[in-house]
Amino acid sequence: MTTASDPAYPAHWEADVVLRDGGTARIRPITTEDAGRLVSFYDQVSDESKYYRFFAPHPRLSDRDVHRFTHHDYVDRVGLAATVGEEFIGTVRYDRIGPDGRPASAPADEAEVAFLVQDAHQGRGVASALLEHIGAVARERGIRRFAAEVLPANTKMIKVFTDAGYQQRRSFEDGSVHLTLDLEPTAESLAVQRAREQRAEARSVQRLLAPGSVAVVGVSRSGAGVGAAALRNLRDSGFRGHLYAVNEARAPGIEGDLLEGVRAYRSLRDIDAPVDLAVVAVPAERVPQVVADCGEHGVQGLVVLSAGYGESGPAGLDRQRELVRQVRSYGMRLIGPNAFGVINTAPEVGLNASLAPVPAPVPGRIGLFTQSGAIGIALLSALLRRGEGLSSFVSAGNRADVSGNDILQYWYEDEATDVALMYLETLGNPRKFTRLARRTAAVKPVVVAKGGRHTPAGHVVPGTRLPETTVSALLRQAGVIRVDTVTELVDVGLLLASQPVPAGPRVAVLGNSESLGFLTYDACLAQGLRPGAPLDLTTAASPADFGRAVAAALADDTHDAVVVTAIPWVNEEAGADELADALRDAVAAHPGKPVAVVHVELAELVESLSRADVRIPAYPAAERAVRAVAEAVRYGQWRRADAESGHVPEYEDIDEAGAAAQLAGLLAGVGGGDGVLTLAEADAAALLARYGIRVLPTLPAPTVDAAAKAAGALGYPVALKTTAPHLRHRADLGGVRLDLANEAALRRAYGELTGLLGSPAELLPVVQAMVPRGVDTVVRSVIDPAAGAVLSFGLAGVASELLGDTAHRIVPATDRDVAGLIRSIRTAPLLFGWRGSDPVDTPALEELLLRLSRLVDDHPEVVGVTLEPVVVATEGLSVLSATVRIARPPARTDLGPRTLPSY
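Here's what the structure looks like:
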């Protein structure tokens, strides 16, 4: 029978999951080696739970029971266990059954399912997580329905089934509740799954950011080093919980105060009280023992400051993988390694478990996440200099476990965070990131500065095949405000944290310098804003003059935002405090519109504007202030128009099952890894036809007589085209002849082509029926490492390619997405009647894009599709050529059951 080392063992079913309380567990198949664990697990289950499982007293497992529950074929009989450490905390099993309820094999598509969860772990969401994973396994093995018999008194298990969101039927038979669940994912089941994911991952971050007790492991006696610095920051931040120091060099049996009153211990095992969070600052080779001590002590999470992991090379990456496995085996979560630390400024917490230099951040409304400690220091310093505080800060280092996705889950429901700022070098799980960012951006701004654009050879940060402008467009589709530098990250964050989102692009510009006003006006135009004529208050303007002008601009319904420009006064009696007070009074009297200040050599004004409750952001350059306002305007526009993401239409003629069967057959001989198969024309056309995408047929023309015969079959007029790779889709090189009305014209064109460009064997000519004239376009879908599945659109031709005039959207695309997609290219006017031409059938084009998006989304085996050209006429469209590439899909996708990233 199968063991974990057996080639038949389905290792891709293994997954780490976050449970409802924020702890973690590992879900894996049960093997023959688990007999002892199963018996130990069962011994810890209460008699009541055993009765609910077996419908009768069942105090212990017999040898036959143990054999049955540990021997599986992983097709018709499957068992999964949720584990913490090496111990089982829950199990689930399915057995395939036939219509008569007896054991069966495929093609029977129903299975009986049953759970058992240790009493101490009930209420943590173990059964719900197991149901998601056993459901995914069952679908993979061709099972479409689960049947379950549950005693009426077992209300917890009934709730697990009924809350899952699957379509289900319920009946009462022979004293038990009979439940049948259809395992095909539904919108409701996916929503339930993602809501559970959000709550669990947010809770896991909350446990890290709001611990009741913290131990710093690796504090030197001299007070030097990383551990001592972290301990001092914790102590000086006024942490509200219990604080402990661990110094392994202390003599055994000796306890005393270390670093001004913090109790020191030789080992974490010696602490006779709960520890929620451990900050680890020991050399990498000693970390495994510390992790083991933490796990045995019941620590909930770790912040590992220690370096020497993935950033140091292949050996360090192996060490990092083992660290994650060890941490998760104890049900803990990890920030780091090579982390800079975490901060939570909430008054009831007061946590600064970081290496941030003093002074510590003050409470504020900005949440900050970075992957880089150095960037973290720069951002913290910049915010502090400009008077802005933080709600929370996480610098995740190598982000081996907790990532930006987890932090977004936390910020989404964190009432203390109004703006999310993120410095990212990679997107990790890009599909999940854009999904989470879109949901978060619908309620609060998400601002991202992304590094790693140009990746040096050998660097660990993966690059992307898409241009940076494309990545920005995809992030903007999700509502993310993409900025280029950390300075812009701070600039935009300051405005959004202190000012309302503008209702439109109309900007009032006023100040005491005409020249600075014109610079601001030009900057507004460059950013696509609609500025009014600058109002020059002259250099003699007093603070009161500023106040009256700002109040009037804010009260004017023709303005959506105000930019104030200020230079030093000729009258030295006017001070920064007076101007700040005047501006604040005007803003307080007319709330609802954002105000930004551009100053020249008025550093004291920045401090004055950031001191009171009514804060106004100030910038040392017009371009920086206007860029921040423009980003806020664009975010407001997205939030009003696109926060509701539209819907993915259902098309009744789509043959999803037929496409799946065709792909399975085509991939039968394709290996894993990078094995990519480009489909033959007939196979590509057949696959696309299953999704309602018809490709106009072509007939080969290896000779002039074959061309004439093909044209006769298709009917005149026809087109004659070369399909040689170096001439394909290059009408500019003369490889296409159109509107050939009769055989004589066809033979003449054939002779011209072969005479000018080469022999038929070189040109590979084909004949195709003519279609109505229209606009030639290109539709593509690709899998990009930094963006996931992407739908692309542009006009055909060298000019569009040369200018990079292509737009992109993330798959699955909605009706609103594709409508915006075709309108976002610079050459879009050609589709809508430019210079008196007839508008083309854009609804048909949108439908084509939606159908292609559905194909790629439904079948991750499809890794690339190119439809070129797609001729869009005034009525309808024609796909003249299609290339489809397929490969074996990943074992799990973002649409599968909840799982943490794995190495």
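At position 441 of the sequence shown (counting the first as 1) the number is 933 in our numbering, and the numbers step up by one without a gap. Even glycine gets a Cβ: it sits at the ideal position worked out from N, Cα and C. Everything numeric in this text was worked out from a predicted model, so none of it was measured.
From the listed residues 722, 710, 845 and 804, the smallest Cα separation to residue 783 is found for 710. Here residue 971 is buried, its C-beta having at least 16 other C-beta atoms within 10 Å. A residue is called buried when at least 16 other Cβ atoms come within 10 angstroms of its Cβ; residue 1168 does not meet this threshold and is exposed. In the three-state DSSP reduction, residue 718 falls in the helix class (H, G or I).
Within the DSSP secondary-structure output, residue 508 pairs in a beta bridge with 518. DSSP places residue 915 in the strand class (E or B) of the three-state scheme. The DSSP-derived three-state label of residue 575 is strand. The residue among 1031, 1356 and 1115 with its C-alpha nearest the C-alpha of residue 1013 is 1115.
Rounded to whole angstroms, residue 1093 and residue 755 show a C-alpha spacing of 49 Å.
The straight-line gap separating the alpha-carbon atoms of residue 551 and residue 522 is approximately 21 Å. At a Cβ-Cβ threshold of 8 Å, residue 867 and residue 915 count as neighbours.
In the three-state DSSP reduction, residue 725 falls in the helix class (H, G or I).
Residue range 1307-1315 is occupied by the alpha helix (DSSP H) that includes residue 1314.
Listed in chain order, the non-local C-beta contacts of residue 689 below 8 Å within the same chain comprise 510, 901 and 1390, local neighbours out to five positions each way being set aside.
With contacts defined as CB atoms closer than 8 Å, residue 582 and residue 619 qualify as a contacting pair. When beta bridges are read from the DSSP output, residue 638 appears opposite 603 and 673.
Judged by beta-carbon spacing, residue 1285 lies within the 8 Å limit of residue 1269, meaning their Cβ atoms are closer than that value. Here residue 1234 is exposed, its C-beta having fewer than 16 other C-beta atoms within 10 Å. With contact defined as three or more Cβ pairs closer than 8 Å, the stretch 856-866 and the stretch 921-931 are not in contact. The straight-line gap separating the alpha-carbon atoms of residue 1023 and residue 996 is approximately 11 Å. Listed in chain order, the non-local C-beta contacts of residue 1005 below 8 Å within the same chain comprise 1028, 1031, 1057, 1058, 1059 and 1092, local neighbours out to five positions each way being set aside. Here residue 1266 really is in contact with residue 1364; their C-beta atoms are around 5 Å apart, less than 8 Å. Residue 1338 places its beta carbon less than 8 Å from that of residue 1314. Membership of residue 780 in the alpha helix (DSSP H) is indicated by the continuous run 779-789.
Taking every protein chain shown into account, the CB of residue 1038 has 16 or more other CB atoms within 10 angstroms, so this residue is buried. With a threshold of 16 other beta carbon atoms within 10 Å, residue 1290 falls short and is exposed. Shown here, residue 549 sits in coil according to DSSP, grouped into three states, outside any helix or strand. Per DSSP, residue 935 is not a residue of any beta strand (DSSP E), being assigned neither H nor E. Residue 988 has its alpha-carbon roughly 24 Å from the corresponding atom of residue 1040. Ranking 981, 1003, 1354 and 825 by CA distance to the CA of residue 913 puts 981 first. Contact check for residue 1021 against residue 1122 passes: the beta carbons are separated by less than 8 Å. In the three-state DSSP reduction, residue 684 falls in the helix class (H, G or I). One thing to note: residue 574 has its Cβ within 8 Å of the Cβ of residue 519. Residue environment for residue 994: buried (at least 16 other C-beta atoms within 10 angstroms of its C-beta).
Taking C-beta separations shorter than 6 Å and ignoring five residues to either side along the sequence, the partners of residue 787 in its chain run 822, following chain order.
Of the residues assessed, residue 693 falls on the buried side of the cut-off, its CB having 16 or more other CB atoms within 10 angstroms.
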